[in-house]
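Just so you know, the sequences run in chain order Y and C. Residues 1 to 396 in the UniProt record's numbering are what the first sequence lists, from first letter to last. Residues 1 to 407 in the UniProt record's numbering are what the second sequence lists, from first letter to last. The beta-carbon is built from N, C-alpha and C at its ideal position, and this holds for glycine as well. None of these values were measured; they are calculated from a predicted model.
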Amino acid sequence: MTSTNPSALAGLRIVELAEGVAGEFCGKLLSDFGAEVIKIERPCGSPVRRLSPFGRGEAPENSALFAYANTSKRSVVLDLETEAGRSVLEKLLLRADAVVDDHEPGWLARYGIDPAGIPESHPGLVLCSITPFGQDAGETQRHAEDLNVFHASGWGYHTPSGNARGRTPLKGAGRFLASYEAAFDAALCMTAALMDREAGGPGRFIDVSAHRVLYSRLDYVLGQMIIGDMDVSEAHTALDLGGPAAVLPCRDGFVYVWLSDETMWCELRRMIGDAPWMDEDFPPNWLQLACTTDRVNRTRRHLSEWLATQDKHAVSEEAQKRGVMIVPVNNPEDLMASPQYRFREYFHRLEHPVLGEALYPTVPYRMSATPPMPSQPAPLLGGDTQAVVSELGGQA
Amino acid sequence: MTTTMPAQTMRARGGPLQGVRVVELTKVWAGPYTGKLLAFLGAEVIRVESRSALDSSRWFSEDIDNAPGYQAVNPQKLSVQLDTRTPEGRELMLKLLASADVFIENLRPGAIKRAGLGYEEVRKVNPGLVYVSIGMYGNDGPLAYQSGYAPCFAALGGVSAMVGYEGETPQGMNIRYGDSTTGTCAAFAAVTALRHKRRTGEGQFIDVSAVEALSTMIGDTIMAHAVNGSATPCDGNRHAEMAPHGAYPSRNGEWISIAVNSDQAWKSLARLIGGDALVGDSRFADLPSRQRNLGELERIVEEWTRSRDASELVTSLQSEGIAAAKSLNTIDLVADPDLWGSGYFHSVLDVKGEQRPIMGPSWYMTEPARLMRGSPRLGEDNDYVLGDILGISPSERARLAADGVTV
Numbered sequence: 001m002t003s004t005n006p007s008a009l010a011g012l013r014i015v016e017l018a019e020g021v022a023g024e025f026c027g028k029l030l031s032d033f034g035a036e037v038i039k040i041e042r043p044c045g046s047p048v049r050r051l052s053p054f055g056r057g058e059a060p061e062n063s064a065l066f067a068y069a070n071t072s073k074r075s076v077v078l079d080l081e082t083e084a085g086r087s088v089l090e091k092l093l094l095r096a097d098a099v100v101d102d103h104e105p106g107w108l109a110r111y112g113i114d115p116a117g118i119p120e121s122h123p124g125l126v127l128c129s130i131t132p133f134g135q136d137a138g139e140t141q142r143h144a145e146d147l148n149v150f151h152a153s154g155w156g157y158h159t160p161s162g163n164a165r166g167r168t169p170l171k172g173a174g175r176f177l178a179s180y181e182a183a184f185d186a187a188l189c190m191t192a193a194l195m196d197r198e199a200g201g202p203g204r205f206i207d208v209s210a211h212r213v214l215y216s217r218l219d220y221v222l223g224q225m226i227i228g229d230m231d232v233s234e235a236h237t238a239l240d241l242g243g244p245a246a247v248l249p250c251r252d253g254f255v256y257v258w259l260s261d262e263t264m265w266c267e268l269r270r271m272i273g274d275a276p277w278m279d280e281d282f283p284p285n286w287l288q289l290a291c292t293t294d295r296v297n298r299t300r301r302h303l304s305e306w307l308a309t310q311d312k313h314a315v316s317e318e319a320q321k322r323g324v325m326i327v328p329v330n331n332p333e334d335l336m337a338s339p340q341y342r343f344r345e346y347f348h349r350l351e352h353p354v355l356g357e358a359l360y361p362t363v364p365y366r367m368s369a370t371p372p373m374p375s376q377p378a379p380l381l382g383g384d385t386q387a388v389v390s391e392l393g394g395q396a
Numbered sequence: 001m002t003t004t005m006p007a008q009t010m011r012a013r014g015g016p017l018q019g020v021r022v023v024e025l026t027k028v029w030a031g032p033y034t035g036k037l038l039a040f041l042g043a044e045v046i047r048v049e050s051r052s053a054l055d056s057s058r059w060f061s062e063d064i065d066n067a068p069g070y071q072a073v074n075p076q077k078l079s080v081q082l083d084t085r086t087p088e089g090r091e092l093m094l095k096l097l098a099s100a101d102v103f104i105e106n107l108r109p110g111a112i113k114r115a116g117l118g119y120e121e122v123r124k125v126n127p128g129l130v131y132v133s134i135g136m137y138g139n140d141g142p143l144a145y146q147s148g149y150a151p152c153f154a155a156l157g158g159v160s161a162m163v164g165y166e167g168e169t170p171q172g173m174n175i176r177y178g179d180s181t182t183g184t185c186a187a188f189a190a191v192t193a194l195r196h197k198r199r200t201g202e203g204q205f206i207d208v209s210a211v212e213a214l215s216t217m218i219g220d221t222i223m224a225h226a227v228n229g230s231a232t233p234c235d236g237n238r239h240a241e242m243a244p245h246g247a248y249p250s251r252n253g254e255w256i257s258i259a260v261n262s263d264q265a266w267k268s269l270a271r272l273i274g275g276d277a278l279v280g281d282s283r284f285a286d287l288p289s290r291q292r293n294l295g296e297l298e299r300i301v302e303e304w305t306r307s308r309d310a311s312e313l314v315t316s317l318q319s320e321g322i323a324a325a326k327s328l329n330t331i332d333l334v335a336d337p338d339l340w341g342s343g344y345f346h347s348v349l350d351v352k353g354e355q356r357p358i359m360g361p362s363w364y365m366t367e368p369a370r371l372m373r374g375s376p377r378l379g380e381d382n383d384y385v386l387g388d389i390l391g392i393s394p395s396e397r398a399r400l401a402a403d404g405v406t407v
């Protein structure tokens with residue numbers, strides 16, 4: 001699909017050494033904005049190519065995860081264990097504006113890109129590293145997956161909310177939440193640094209730790225706790241707000257109900273038709289001033305009985321029109337059918353030579369002048385090796 | 001009152017966005033978080049505030065300048081008082097926006113247009129402005145009228161449905177999840193637009209949907225459905241590529257997370273738990289076997305972790321190359337020695353002119369912005385913004401204050 005819109009990051013050359021979801025997704029955020037991202041792959045391909053979900057076709061081209069995280073890139077296979085491979089990489093680095101990597105600390109230096117020596121070895125280069133615990137990770141942080149980052153940053157212990165009984169904490173949504181979050185911080189810093197460099201600023205080394213990213217995402221709460229303005233404890237509910245807000249079952253799925261003040265209580269009452277239970281020991285302002293466990297439980301129970309006769313989209317729409325905060329608990333199927341997502345064109349159709357045609361989720365911002373858009377599907381393994389090497393004036 | 005850190009002094013804050021001016025009309029968390037990230041990169045971020053429409057997060061304290069949550073998400077920013085609902089206040093706001101590079105707003109749906117500060121109005125005074133609007137569902141579309149808080153974004157975006165115990169009603173993420181994530185997506189989009197503006201002079205309208213921001217954090221799950229129609233019911237702590245994977249109880253009510261990402265890692269764990277007998281147990285030999293026998297596998301791991309100390313477990317697991325970390329409660333979080341030892345927390349001047357620690361950015365970078373002060377007092381930078389930027393004389397500023405424009 002061609003676009004007449006200019007691209008926000010056109011003309012920027014980025015070498016992607018990353019081989020995990022964090023770095024690859026960061027590269028995608030930049031490439032979908034028009035940056036030229038050259039993905040360096042080992043001869044057997046990025047390990048992400050071996051991760052599910054799989055569509056049709058065979059490895060290494062059937063991973064829908066890889067297809068999602070690598071749109072609009074070029075793939076160059078280099079064996080960095082050989083002199084020849086490292087020599088091509090060095091040529092690519094000489095003409096690159098930025099590098100994104102997500103290997104463990106020390107990996108870059110092994111291939112001649114020592115972050116500490118970057119200003120001398122590659123002046124002007126913006127080098128970004130994304131790791132679970134940063135370049136200064138301690139001995140007991142060396143091996144980490146997204147799950148471990150989720151737990152080390154406080155999200156794990158406190159997920160889900162309302163876990164007063166201390167049940168097993170949950171992993172959070174999906175497999176790569178920490179990686180996606182870190183990718184956004186990395187892409188933000190890289191873009192800012194690249195823009196500064198174009199205005200005469202220096203190259204930079206950027207060290208993004210997924211752990212610090214997720215910790216920072218709790219700033220509203222942790223920022224209060226570190227100075228003693230909010231109590232800390234061993235409770236799994238220490239980050240919670242209390243109250244009856246919860247996911248509740250309805251006839252065809254689940255809805256999320258939010259209730260926090262007298263106005264909402266009155267609107268809800270009107271909506272469900274002055275149910276008798278709402279007069280049983282519920283002062284009008286109970287949500288703010290008398291929010292007991294008993295009232296919370298009774299509210300949830302009665303609401304669940306009412307919701308059992310309701311459909312999630314219909315009841316939510318009715319509630320929203322009345323100013324009651326009920327929303328459907330959507331699943332991917334709902335999102336693909338969502339009139340709002342369609343209106344905003346959140347999904348973008350792409351034809352991948354092996355996986356075939358699919359609707360890809362895109363990004364959460366609509367931009368009037370430089371809309372980001374996947375310009376092409378993820379590259380086949382080494383699909384651009386010949387072309388890129390010849391651009392460098394050499395032979396593959 | 002004293003000015004703790006003159007705005008003029010802060011011009012030499014450094015960082016890649018030094019020289020960029022951001023104006024924000026934001027509330028609570030998502031919008032302020034966008035501004036905070038830009039401030040942490042060196043931008044001059046000016047909060048436009050008014051007693052007549054105060055950010056509700058300032059009210060969670062008797063002293064609006066010392067409200068803890070507000071202070072946590074607004075360090076390094078400036079504050080100017082302008083009641084944009086008065087005709088003069090709106091005019092001054094437009095003048096300020098004419099001098100800005102970026103504008104951020106996250107008011108309720110339609111509120112900014114009703115205030116006469118919608119994009120079409122503002123672009124007339126500054127066609128180069130990057131105008132960032134953040135809403136639950138974005139600005140336009142059939143559901144744009146709806147509103148909600150962060151857990152609503154998570155429910156709508158597909159996140160909540162994936163978090164829960166097997167076979168039960170979904171639980172969703174922690175209630176705090178969603179605002180800061182949305183704010184980050186907005187900040188990234190804003191900086192890409194800044195580059196376009198630098199190259200062409202052209203500004204633009206950026207319409208951020210918080211619901212879509214959360215969907216983006218489960219993009220691969222949505223992609224899986226798009227490619228092969230797969231459903232994603234709650235599955236506790238299961239992981240398609242790892243087993244064991246989850247949180248395990250340890251001594252004294254503590255928890256640790258363990259993620260076994262290869263057969264080799266399993267062998268190492270099995271050796272720690274049960275020696276050669278467990279290493280050779282065919283029920284757990286490879287990932288498919290471990291997934292098939294997950295119940296028994298989890299029981300064995302739990303039995304082993306339950307009586308042990310969390311930190312000692314992490315040390316021994318890490319030394320064997322197994323991904324593990326303690327699951328931190330809020331006591332652990334505020335005392336995290338790695339963060340305190342690594343320069344993550346910054347000491348800045350607060351509204352009383354005293355040093356206080358703030359959480360710094362998630363990144364370390366060479367040539368960073370210097371973080372100098374905490375969140376601003378309401379109107380702390382009136383003189384700088386109204387006087388130095390807008391060129392209003394002291395007597396005229398006194399009149400504006402008396403007339404209720406700069407309150």
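Interface partners of residue i on chain C, CB under 9 Å
i          : result
Gln-320(Y) : Leu-143, Tyr-145, Gln-146, Ser-147 and Gly-148
Counted within 10 angstroms of its Cβ, other Cβ atoms place residue i as buried (16 or more) or exposed
i          : result
Ser-79(C)  : buried
Trp-266(C) : buried
Leu-400(C) : buried
Tyr-157(Y) : buried
Asn-252(C) : exposed
Asp-336(C) : buried
Lys-124(C) : exposed
Asp-281(Y) : exposed
Ser-7(Y)   : buried
Extent of the continuous beta strand (DSSP E) run through residue i
i          : result
Ser-327(C) : 323-327
Arg-13(Y)  : 13-16
Glu-36(Y)  : 36-41
Met-230(Y) : Run containing Met-230(Y): none; DSSP gives neither H nor E here.
His-352(Y) : 347-352
Cross-chain neighbours of residue i in chain C, by beta carbon under 7 Å
i          : result
Val-171(Y) : Here residue 171(Y) turns out to be Lys, not Val, going by the sequence shown. Within 7 Å Cβ-Cβ: Asn-237 and Gly-246.
Gly-200(Y) : Under the 7 Å cutoff, chain C gives no residues; its nearest Cβ is about 11 Å from Gly-200(Y).
Proximal residues of chain Y, C-beta to C-beta of residue i below 7 Å
i          : result
Asp-338(C) : Gly-138
Leu-294(C) : Chain Y residues near Leu-294(C): none, gap ~13 Å exceeds 7 Å.
Pairwise C-alpha distance: residue j and residue i
i          : j          : result
Gly-134(Y) : Asp-114(Y) : 15 Å
Arg-302(C) : Ala-245(Y) : In the sequence as displayed, the identity of residue 302(C) is Glu instead of Arg. If I take the Cα positions, the gap works out to 32 Å.
Trp-363(C) : Trp-306(Y) : 48 Å
Thr-2(Y)   : Pro-374(Y) : Only weak support exists for where Thr-2(Y) lies, its pLDDT of 43 falling under 50; the value from the coordinates is given anyway. So the two alpha carbons sit approximately 10 Å from each other.
Arg-195(C) : Ile-218(C) : 28 Å
Gln-141(Y) : Leu-170(Y) : 21 Å
Leu-12(Y)  : Thr-191(Y) : 10 Å
Gly-89(C)  : Gly-116(C) : 11 Å
Gly-356(Y) : Arg-349(Y) : 10 Å
Asp-179(C) : Val-191(C) : 19 Å
Val-315(Y) : Ser-338(Y) : 15 Å
Met-325(Y) : Ala-144(C) : 14 Å
Trp-304(C) : Ala-270(C) : 10 Å
Ser-316(C) : Ser-268(C) : 11 Å
Chain C residues whose Cβ lies nearer than 8 Å to that of residue i
i          : result
Arg-204(Y) : Pro-16, Met-365, Thr-366 and Glu-367
Terminal residues of the alpha helix (DSSP H) in which residue i lies
i          : result
His-225(C) : 219-228
Lys-197(C) : 179-200
Ser-268(C) : 263-279
Under 9 Å from the C-beta of residue i: neighbouring residues of chain Y
i          : result
Asn-106(C) : Within 9 Å Cβ-Cβ: nothing; Asn-106(C) doesn't reach chain Y, min ~13 Å.
Asp-207(C) : Arg-344, Tyr-365, Arg-366, Met-367 and Ser-368
Cross-chain neighbours of residue i in chain Y, by beta carbon under 8 Å
i          : result
Lys-326(C) : His-151 and Ala-152
| query | Which runs of the alpha helix (DSSP H) fall wholly inside the segment 27-104 of chain C and span at least 4 residues, in chain order? | reply | 30-40, 68-73 and 87-98
| query | For the segment 127-184 of chain C, which segments carrying the beta strand (DSSP E) assignment without a break, of at least 3 residues, lie completely within its bounds, in sequence order? | reply | 130-135
| request: Could you pull out every unbroken beta strand (DSSP E) segment of at least 3 residues lying fully inside the segment 362-399 of chain C, listed in chain order? | output: 363-365
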